[in-house]
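First up is the structure itself, then whatever we jot down about it.
Protein chains in written order, with our numbering: chain P, 301 to 734; chain E, -10 to 331.
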């Protein structure tokens, strides 16, 4: 009922005042932020554009909205699973100024690029309960101080480890530093059960996952890949220590040689088959590995911890998706309402009931019922609070390509890590300096 | 249109007779003009479609290749609305420092084309010879040989990625762990193996069609004359199957030059060792640099065009399907008849 009346008020306002923003009229009130040019007008059907929904919860949320808003139905446009393909289709839609796509589910690292090209609108920050969300996540939704997207989900890397093997080797707590992890491995590998196992694996194939793993290693050693202004800082000893950790791991057998071909799923299968003691992974893996239907050999034998670092806990890369409003779309008043609805706490709680996810609201990480269901939530919260976003630059595609190129050359032994970092520093200076 | 130009219908009978020679010529001219007009009319939909789907994109790509990437305005933080005109700079850039990626892609493309087409031709001919033989279960063999060709390339890519997985079948058979999908020559080899597996049947199919039109009597005569199996192959099979083989090789070459999805899916998008020109152009376009992307596409277009031309001119590949031999002779020796006449 409440939503219906506010909607009536809003549309009346929009109709009467015409050019004033809906936000200024609506119940949430408040003037649009300075420099805000866009007006959010028009009501009617819109589209929600995201990658393939494997959990089925997205349609359930959309159904809830559609039931309450029969005149402002949201259609789900499903894009391929591959993020590159998603980004490409969204860019194509924006470049031809089509109104086919309304609300976009952007990967957290695309916000700057989409904002800089004015493919998405700047949003009124006061429409969303941003202060109830985890701080690092908000950083991925802004560009040059303006809010261009609303965090809808987050993601952080965690260290999965074999509790059974650690306990048997007499280790009480998961490791906090890389050195501790290696020492723990040495102990575990003396056990007969650990024969043929490798110590650590991440996602080291030459793809986006390598950028994530590389940035995590550099950040966990106290370095930065690019600063808030997009300038690279890879000529530092910290960056060197970070890359050296990965390179040495592959070279001395801490990580299996085949981890150079691992993407998320390959790494998961290796852990699930009991081949790896420690693994860096996203939370999505937790329920899959915990499955007791025989698909996982390590169900009930693993736990999660924050990522280790050089001298203390490490820093994860930040993943997740943000909702953004296509600049060329129609019915933006509806779109804004829908974004508010889709990202609200109630819906995130609802989705969590059906599928594992990393919510954006602080409160959900401490909810006892949810923690019981997903024991990884407290660890994940710590991971996200210490997380560092991947480079926030408008040409992210070039930056990630350069990172992948140089990091992979170092990992495969084609270049020394010093040379790779030197070349990367030079390569990144170009696209980010402008 | 036609009626307005021709004289009005009621023509006085004497008027027709007035210029004695002219009407005959005019009537003949009008007759051929009518045929030509009808032909033009019948062909025009095709031409229109071709103009829309071939000419227009080519012209647009050419025009687009003269523009550079949009720049970021450091004051506003926004990317400029329009692309700067840079003339031939995108083409000139391939000779500069930044051209290394282009040349890498260019050589990769060329390398893949030469190796895959060579292997596919050899294996394809062998397949055709097997399929041509009369034996029991021939239909089954033919069908099974054609299966790889029927599978979409994207699926082929996924299939072979499984095979070349670190603990996949390929490594199990080799008994030695090769990380196929990392960078290096083995990645190239993986692409070549998968591509040959997929497209050798295509060559086989075309060559088989060529084999089946060779009359059996020729072989019988050769056999009576005491020609061995190799001689028969060299002197009968190869020359007679050549037109079909050339077409197959031409098609495969053009196809290999625009190779994109197999290396993209099998090895990955950012892999230097297998990046082809199509992948490079796609990558540039995906990063909203349409100018350089178009420039690379135009270069690839010219490259493909030149190779197709070389095939038709030098090797006399009969692509269109009409009397190739006469044409070839005419094309290969265009001046000699003129010189004789003069």
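Glycine residues also receive a C-beta, built at the ideal position from the N, C-alpha and C atoms.
Residue i: first and last residue of the uninterrupted alpha helix (DSSP H) it sits in
i: residue 116 of chain E; result: 89 to 121
i: residue 267 of chain E; result: 266 to 275
i: residue 647 of chain P; result: 645 to 654
i: residue 347 of chain P; result: Run containing residue 347 of chain P: none in the alpha helix (DSSP H); it sits in the beta strand (DSSP E), 346 to 351.
i: residue 551 of chain P; result: 537 to 551
i: residue 191 of chain E; result: 174 to 201
i: residue 697 of chain P; result: 696 to 711
i: residue 603 of chain P; result: Element bounds for residue 603 of chain P: not the alpha helix (DSSP H) but the beta strand (DSSP E), 602 to 605.
i: residue 46 of chain E; result: 45 to 53
Reference residue i, options the options, closest by Cα
i: residue 426 of chain P; options: P/637, P/674, P/675 and P/694; result: P/637
i: residue 48 of chain E; options: E/269, E/293, E/287 and E/173; result: E/287
i: residue 641 of chain P; options: P/605, P/420, P/351 and P/429; result: P/429
i: residue 686 of chain P; options: P/457, P/718 and P/367; result: P/457
i: residue 383 of chain P; options: P/347, P/509 and P/348; result: P/509
i: residue 293 of chain E; options: E/304, E/244, E/282 and E/253; result: E/244
i: residue 357 of chain P; options: P/682, P/656, P/708 and P/684; result: P/656
i: residue 191 of chain E; options: E/227, E/241, E/34 and E/55; result: E/241
i: residue 521 of chain P; options: P/417, P/544 and P/355; result: P/544
i: residue 182 of chain E; options: E/39, E/69 and E/252; result: E/252
i: residue 59 of chain E; options: E/65, E/50, E/74 and E/272; result: E/74
i: residue 185 of chain E; options: E/21, E/112, E/29 and E/30; result: E/112
i: residue 445 of chain P; options: P/502, P/498 and P/528; result: P/528
i: residue 375 of chain P; options: P/727, P/363 and P/592; result: P/363
i: residue 729 of chain P; options: P/707, P/639, P/497 and P/698; result: P/698
i: residue 645 of chain P; options: P/491, P/411, P/517 and P/453; result: P/453
i: residue 227 of chain E; options: E/44, E/72, E/110 and E/29; result: E/110
i: residue 695 of chain P; options: P/414, P/559 and P/725; result: P/414
i: residue 157 of chain E; options: P/643, P/497, P/561 and P/675; result: P/561
i: residue 460 of chain P; options: P/604, P/583, P/448 and P/690; result: P/604
i: residue 681 of chain P; options: P/606, P/632, P/639 and P/643; result: P/606
Under 7 Å by beta carbon: chain P residues contacting residue i
i: residue 67 of chain E; result: 416 and 418
Under 7 Å by beta carbon: chain E residues contacting residue i
i: residue 560 of chain P; result: 168 and 171
i: residue 697 of chain P; result: 275 and 276
i: residue 701 of chain P; result: 259
i: residue 712 of chain P; result: 171 and 172
i: residue 704 of chain P; result: 259
i: residue 391 of chain P; result: 277
i: residue 708 of chain P; result: 172
Contact list for residue i against chain P, beta-carbon separation under 8 Å
i: residue 257 of chain E; result: 505, 506 and 507
i: residue 260 of chain E; result: 506
Under 9 Å from the C-beta of residue i: neighbouring residues of chain E
i: residue 557 of chain P; result: 155, 166 and 168
i: residue 500 of chain P; result: The contacting residues do not exist; residue 500 of chain P stays about 16 Å from chain E at best.
i: residue 396 of chain P; result: In chain order: nothing, as chain E lies at least about 12 Å away.
Residue i - containing beta strand (DSSP E), residue span
i: residue 533 of chain P; result: Taken as a continuous stretch (DSSP letters only), residue 533 of chain P belongs to no beta strand (DSSP E), as it is neither H nor E.
i: residue 621 of chain P; result: 618 to 625
i: residue 576 of chain P; result: 576 to 581
i: residue 584 of chain P; result: Residue 584 of chain P -> no beta strand (DSSP E), and no H or E assigned at all.
i: residue 595 of chain P; result: Element bounds for residue 595 of chain P: n/a, residue is neither H nor E.
i: residue 509 of chain P; result: No beta strand (DSSP E) contains residue 509 of chain P, which is instead part of the alpha helix (DSSP H) from 508 to 520.
i: residue 459 of chain P; result: 458 to 462
i: residue 378 of chain P; result: 374 to 379
i: residue 407 of chain P; result: 403 to 407
i: residue 500 of chain P; result: 498 to 501
Contact test: residue i Cβ vs the ligand NAD heavy atom, cutoff 7 Å
i: residue 155 of chain E; result: In the structure on display, the ligand NAD does not appear, and there are no ligands present to speak of.
Stretch pair the region 183 to 200 of chain E + the region 209 to 224 of chain E: three plus CB contacts closer than 8 Å: no
Interfacial residues, the region 265 to 289 of chain E to chain C, with Cβ spacing under 7 Å: The structure shown contains no chain C; the protein chains it does contain are P and E.
Contact between the region 612 to 624 of chain P and the region 531 to 541 of chain P (3+ Cβ pairs under 8 Å): Counting Cβ pairs under 8 Å, fewer than three are found: no touch.
Beta carbons nearer than 8 Å to chain P: which residues of the region 139 to 161 of chain E have them? 154, 155 and 156
Can you find at least 3 beta carbon pairs, one from the region 90 to 106 of chain E and one from the region 157 to 175 of chain E, that sit closer than 8 Å? Below 8 Å, too few C-beta pairs join the region 90 to 106 of chain E and the region 157 to 175 of chain E to call them touching: fewer than three.
Would you list, in chain order, the members of the region 45 to 67 of chain E that have their beta-carbon closer than 7 Å to a beta-carbon of chain P? 60, 61, 63, 66 and 67
Under 9 Å, CB to CB, which of the residues in the region 374 to 389 of chain P have a partner in chain E? 384, 387 and 388
Across the region 254 to 270 of chain E and the region 495 to 507 of chain P, are there enough close Cβ pairs to call them in contact, namely three or more that are closer than 8 Å? yes
Flag this pair as touching only if the region 695 to 713 of chain P and the region 547 to 555 of chain P have three or more C-beta atom pairs under 8 Å; answer yes or no. Inter-segment contact for the region 695 to 713 of chain P and the region 547 to 555 of chain P is present: three or more beta-carbon pairs are separated by less than 8 Å.
Compile a chain-ordered list of the residues in the region 663 to 695 of chain P whose CB is closer than 8 Å to at least one CB of chain E. 694 and 695
So, does the region 649 to 665 of chain P touch the region 429 to 439 of chain P, judging by three or more C-beta pairs under 8 Å? yes
Take every Cβ of the region 471 to 478 of chain P, pair it with every Cβ of the region 609 to 619 of chain P, and state whether three or more of those distances are shorter than 8 Å. Yes, they touch.
Members of the region 441 to 471 of chain P that neighbour chain E once the beta carbon cut-off is set at 8 Å: Legend: CB atoms of the region 441 to 471 of chain P lying less than 8 Å from CB atoms of chain E belong to residues 443 and 444.
Do three or more CB pairs link the region 125 to 143 of chain E to the region 263 to 279 of chain E at distances below 8 Å? Too few Cβ pairs lie closer than 8 Å, so no.
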